[in-house]
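Q: Below you'll find the structure I mean.
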Amino acid sequence: MPYTIKKEGSQHCVYKKDTNEKVKCHSSAKEAQAHLGALESNVQETMAEIERIVLEKGGPVLLGIAVTNRPALPLPPMRIVDIDGKRYIKTPFLRAGVFEDPRYGRLIFNQAVFDAMLKNFENGASYFGVSLDLRHKPELGALAWYSKDHGGFIKKEYDPEYGTLLVGYGVPTGQDAIELIEKGKYIYASVDFHPNYKNPLVKKLSTDDLVELADTDLVSLEEIMSDVTIAQAELDALKEQAKKAEQVEDLEAKLAELESQVAKEVEEKEAVQEEAEELEEKVTKLEADLKSYRKEEDDTDVPEAVRVQLEQQNEEINRLKKEALASRVDALIEKAKARRDEEGKGHSPILLEIARSAMLGETIEAGEEKVIRLESVDPASLASYSRKAWELLLEVLPGQVQFETKTETSEPTENPLNADKTYGKDVIDAFWADM
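Residue numbers (the numbering used here): 41 to 475.
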């Protein structure tokens, strides 16, 4: 019995056994005994009513099971067992008792409820089968199947520590599923079920949300309905938590995608760098061969065929030099393009384009009236080209570092550098050191 009577002086008081909480005191033992009987009767009636509600219409239906390491309800761990030479994942689903769901109130699991679950399972109420899944998401794939057509089964068992249990024996879908259990990556199970699959107003429940109740918590049906009404706020909070969890999963997926893209870009840049080094090695070898031929040419008369070959090799060397330079410049530009400061800002596209053209000695177009060309490779032309290119770059650079004052002609631009830092030669040298 969940209640008891204690005598205190001339008073006879009714107490709850579990909490030793005083319920009420009476002047006579007869009145106290009558009160105790009423309380016990009320508990039994409440239990019977909860069972009736659970079993009405279609009754409870198992929908699926998910692996977990933080079960809400204490249960024995999952384990791999051999039965008649066949391996199963033995999975404790539920244990007998009275529990409360934050959305739908109190539920009871006893012999009658377990029998109803087994009957609905055997009759295929969940036509899609009952599987062991990851994170309550069957779309991620099943680790095991408990349905008969897959070779699994479910039955009642008694455990001396946990009492009556509903236990599933699932057929693993692969060795990886067995290793997850054997190596302890996942230890417990959490069940998704429907308390009454013919009632469209009730969504599926999860044992993650259930809280076990003692008999003394079952006072009256009116109190149960009051708890269910009050639980709407808890339901809203749970929905908000679920929404945030989904947002976190989305962010994690996006982060993984970005990390994959970064790894791919790094791999591509390394490939460009290797290609440039190979081209440089080839150029060095061809130049050495060419010097050898030229030395022979100075010492002897070279046949026309050899002279043509030398010219072709010279052209090939020049072509490879251009390709090597282009590869090196592309690698530098890609690194500069990917660079970000602490605020996530980087170089402007026009600055990168001017820098690329200047490093390659290509024509730089800065508007219809301003075209910078490298006319020849003599020192004067090189100096003129370099001066004009830097002049154009300096026109683009204002706005890269934030100052307290500005000129009358300066345009508002985003500041891609940190205004609190000075970027000197040491910073620049460190940035390009690994190129």
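Here a beta-carbon is modelled for each residue, glycine too, at the ideal position from N, C-alpha and C. In this text the structure is predicted, and so the values were computed from the model without any measurement.
Nearest to V39 by alpha carbon, out of L180, A184 and K159?
A: As shown, the chain starts at 41 and ends at 475. That puts residue 39 outside it, with no answer to give.
Q: For the 8 Å Cβ check, are there 3 or more pairs between the segment 150-159 and the segment 189-197?
A: yes
Q: Using the beta-carbon count (16 or more within 10 Å), is R368 buried or exposed?
A: buried
Q: Using only the alpha-carbon positions, how far apart do G164 and G208 sit?
A: 15 Å
Q: Tell me which same chain residues have a C-beta within less than 6 Å of the C-beta of I270, skipping the five on either side of it?
A: Here I270 scores only 38 on pLDDT, less than 50, and its place in the model should not be relied on; the value that follows carries that caveat. Result list for I270: empty, nothing under 6 Å.
Q: Drop a sphere of 10 angstroms on the beta-carbon of V259, count the other beta-carbons inside from all chains shown, and report buried for 16 or more, exposed for fewer.
A: Only weak support exists for where V259 lies, its pLDDT of 38 falling under 50; the value from the coordinates is given anyway. Here V259 is exposed, its C-beta having fewer than 16 other C-beta atoms within 10 Å.
Q: Assign H387 to one of three DSSP states: helix, strand, or coil.
A: Residue state, collapsed to three classes: coil.
Q: Whether or not the segment 296-309 and the segment 355-367 are in contact is what I'm after, with contact meaning three or more pairs of Cβ atoms, one per stretch, closer than 8 Å; do they touch?
A: no
Q: Locate the alpha helix (DSSP H) running through D506, then write down its first and last residues.
A: The chain is shown from 41 up to 475; residue 506 falls before or after that span and cannot be answered.
Q: Do L134 and V231 have their CB atoms nearer than 8 Å?
A: yes
Q: Are the beta-carbon atoms of L433 and I394 separated by less than 8 Å?
A: yes
Q: From this set, A371, K284, Q352 and G224, which residue's C-alpha is nearest A316's C-alpha?
A: A371
Q: Count the other CB atoms, across all protein chains shown, that sit within 10 Å of the CB of L79; report buried if there are 16 or more and exposed otherwise.
A: L79 is buried by the Cβ-count criterion.
Q: Keeping to the same chain, check which residues put their C-beta closer than 6 Å to that of L172; ignore five residues upstream and five downstream.
A: Counting only residues of its own chain and dropping the five nearest sequence neighbours on each side, L172 has a CB closer than 6 Å to the CB of I105, L183, A184 and G210.
Q: Look up V207 in the DSSP assignment and say whether it is helix, strand or coil.
A: strand
Q: Is there a Cβ of chain C sitting closer than 8 Å to that of E222, yes or no?
A: This model lacks chain C altogether; it includes just one protein chain.
Q: So the candidates are L113, E71, E321 and S421; which of them puts its Cα closest to the Cα of Q19?
A: A query on residue 19 cannot be resolved here, the shown segment of the chain reaching from 41 to 475 and no further.
Q: To the nearest angstrom, how far is it from the Cα of P132 to the Cα of I227?
A: 11 Å
Q: If we ignore side chains and look at the alpha-carbon of each, how far apart do Q353 and V323 end up?
A: 10 Å
Q: Which word fits T59, buried or exposed, when buried means at least 16 other C-beta atoms lie within 10 angstroms of its C-beta?
A: exposed
Q: By a C-beta neighbour count over all protein chains shown, 10 Å radius and 16 as the cutoff for buried, is L245 buried or exposed?
A: Confidence is the limiting factor: at L245 the pLDDT is only 49, short of 50, which leaves the residue's position unreliable and the question unanswerable from this model.
Q: Should S187 be labelled buried (16 or more other beta-carbon atoms within 10 Å of its own) or exposed?
A: buried
Q: In terms of residue numbering, what span does the alpha helix (DSSP H) encompassing L220 cover?
A: Q215 to E222
Q: Would you list the residues sitting across from W185 in a DSSP beta bridge?
A: S171 and V211
Q: Of all the options K47, E219 and P116, which has the alpha carbon lying nearest to the alpha carbon of G203?
A: Checked all of K47, E219 and P116; the closest Cα to G203 is P116.
Q: Could you give the DSSP three-state label for Y425: helix, strand or coil?
A: helix
Q: DSSP beta-bridge partners for H52?
A: K47 and H66
Q: Buried or exposed: which applies to L414, given that a residue is buried once 16 or more other Cβ atoms fall within 10 Å of its Cβ?
A: Within a 10 Å sphere around the beta-carbon of L414 sit 16 or more other beta-carbons, which makes this residue buried.
Q: Going by other Cβ atoms of all chains shown within 10 Å of its Cβ, with 16 needed for buried, is L298 buried or exposed?
A: Under this definition L298 is an exposed residue.
Q: Do I120 and L76 come within 8 Å of each other at the CB atom, strictly closer than that value?
A: no
Q: State the start and end residues of the unbroken alpha helix (DSSP H) segment that holds A106.
A: It is not in any alpha helix (DSSP H) - A106 instead sits in the beta strand (DSSP E) that spans V101 to T108.
Q: Thinking just about the alpha-carbon of each residue, which of L319, F149 and A229 is nearest to the one in K130?
A: A229
Q: So A378 and I404 are in contact, right, with Cβ under 8 Å, and what is the actual spacing, rounded?
A: Not confirmed; about 23 Å, so no contact.
Q: Helix or strand or just coil, what does DSSP make of I264?
A: Only weak support is given to the placement of I264: the predicted model assigns it a pLDDT of 37, under 50, and the value that follows is read from those uncertain coordinates. If DSSP states are grouped into helix, strand and coil, I264 belongs with the helices.
Q: Locate the alpha helix (DSSP H) running through L158, then write down its first and last residues.
A: Q151 to E162
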